Amino acid sequence: MERLQKVIAHAGIASRRKAEEMILEGRVKVNGSVVKELGRKVTPSDRVEVDGVQIEGEEPVYFLFYKPRGVISSVHDDKGRKVVTDFFQTIEQRIYPVGRLDYDTSGLLLLTNDGEFANLLMHPSNEIDKMYVAKVKGIPSKEKLTSLARGVMLEDGKTAPARTKLLSVDKKKDTAIVEITIHEGRNRQVRRMFDAIGHPVLKLKREKYGFLTLNGLRTGEIRELTHHEVKQLRVLAMKKS
Ligand code: URA
1 MERLQKVIAH AGIASRRKAE EMILEGRVKV NGSVVKELGR KVTPSDRVEV DGVQIEGEEP
61 VYFLFYKPRG VISSVHDDKG RKVVTDFFQT IEQRIYPVGR LDYDTSGLLL LTNDGEFANL
121 LMHPSNEIDK MYVAKVKGIP SKEKLTSLAR GVMLEDGKTA PARTKLLSVD KKKDTAIVEI
181 TIHEGRNRQV RRMFDAIGHP VLKLKREKYG FLTLNGLRTG EIRELTHHEV KQLRVLAMKK
241 S
């Protein structure tokens, strides 16, 4: 059961406040009868009309978000920490992240309210490449990077082949910047892979998801995906499965 104004807002017709006005103005019918009370709750099987037009379910929306560090990839946190949906307060749809980035990881995160799309992208057999840039402790040798690329044994099994590239080293600080591309999505996978070769991650950022990049966005910023990008992502995911 959901409040009528919430259902109208989630359908993308108007903001919740505007939906309340519409109800008070007598523009909304439930199962053929005008409803003017704001407290009215409806179920998905109730027929809701606005200005004589039946509303559809929630309009699907797709966002690309540059997640800052120190934010949970969730819609709610019991401990009151910042969550990704705090950045989407003007969005009426009930969006959620497609997969997750760790609290301390920054970078590209997709959010949607389209469950079928989210499941398609997250399905392990769909193998969408994700590119990360990691600052690690120590300077990994060529051999160690090759072993990462071939796959390392973690407690939940051997990782699939990855691509790695040493981008820079800081001999004084004894750190290195490494690019790594993986297509699996196991929990804390990149951090655990670097732990396995003895070079713990100090900082981690996801720079690419398939063909999508963070270009043009600053940390904490959001943009809507284009129809074409959504289509391309579906094609990419379906090609692999
Ligand atoms: N791998 C990690 O270790 N952390 C992330 O947030 C994403 C991938």
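Last residue of the sequence shown: 241 in UniProt numbering, with the numbers rising by one and none dropped.
Glycine included, C-beta positions come from ideal geometry on N, C-alpha and C.
Bear in mind that the values here come from a model prediction, so they are computed numbers and not experimental data.
Host alpha helix (DSSP H) of residue i (start-end)
i, result
"Met-122", "115-122"
"Thr-159", "Taken as a continuous stretch (DSSP letters only), Thr-159 belongs to no alpha helix (DSSP H), as it is neither H nor E."
"Ala-176", "No alpha helix (DSSP H) contains Ala-176, which is instead part of the beta strand (DSSP E) from 175-182."
"Glu-224", "Segment 222-224 is the beta strand (DSSP E) holding Glu-224; no alpha helix (DSSP H) there."
"Ser-15", "Element bounds for Ser-15: n/a, residue is neither H nor E."
"Arg-150", "142-150"
"Arg-191", "189-196"
Where the beta strand (DSSP E) through residue i begins and ends
i, result
"Ala-9", "It is not in any beta strand (DSSP E) - Ala-9 instead sits in the alpha helix (DSSP H) that spans 4-10."
"residue 295", "Because the chain in this structure spans residues 1 to 241, residue 295 falls outside the shown range and cannot be described."
"Glu-25", "Per DSSP, Glu-25 belongs to no beta strand (DSSP E) and is neither H nor E."
"Glu-207", "201-209"
Integer Cβ distance of residue i from residue j, believed to fall under 8 Å
i, j, result
"Val-107", "Tyr-66", "Here residue 107 is Gly; the residue named in the question, Val, does not match the sequence. About 7 Å separates the two Cβ atoms, so the contact holds."
"Ile-55", "Ile-8", "7 Å"
"Thr-175", "Val-136", "7 Å"
"Ile-197", "Pro-161", "Wrong, their Cβ atoms sit about 15 Å apart, outside the cutoff."
"Gly-57", "Ala-11", "7 Å"
"Lys-205", "Thr-105", "7 Å"
"Glu-2", "Val-28", "With a Cβ gap of about 14 Å, Glu-2 and Val-28 do not count as contacting."
"Lys-239", "His-183", "About 12 Å separates the two Cβ atoms, so there is no contact after all."
"Asn-64", "Leu-225", "The residue you asked about is not Asn; residue 64 is Leu in the sequence shown. Contact flag correct, Cβ pair sits at about 6 Å."
"Lys-6", "Leu-24", "The Cβ separation is near 15 Å, so there is no contact."
Problem set entry | Whole runs of the beta strand (DSSP E) within the region 28-108, excluding any shorter than 3 residues | Counting whole runs of 3 or more residues, the region 28-108 contains the beta strand (DSSP E) stretches 28-30, 48-50 and 62-67.
Exercise. Any contact of the region 117-134 with the region 40-47, i.e. 3+ C-beta pairs under 8 Å?
Worked result: no
For this session: Give every residue whose Cβ lies closer than 5 Å to any heavy atom of the ligand URA, listed in chain order.
Result: Working through the chain, the matches are Leu-101, Asp-102, Thr-105, Arg-188, Gln-189, Val-190 and Arg-191.
Problem set entry | Cβ contact (3+ pairs, closer than 8 Å) linking the region 174-188 and the region 126-134 | yes
Exercise. If you pair each beta-carbon of the region 107-116 with each one of the region 84-99, do three or more pairs fall below 8 Å?
Worked result: yes
Problem set entry | the region 143-157 in contact with the region 209-227 per 3-pair CB rule at 8 Å | no
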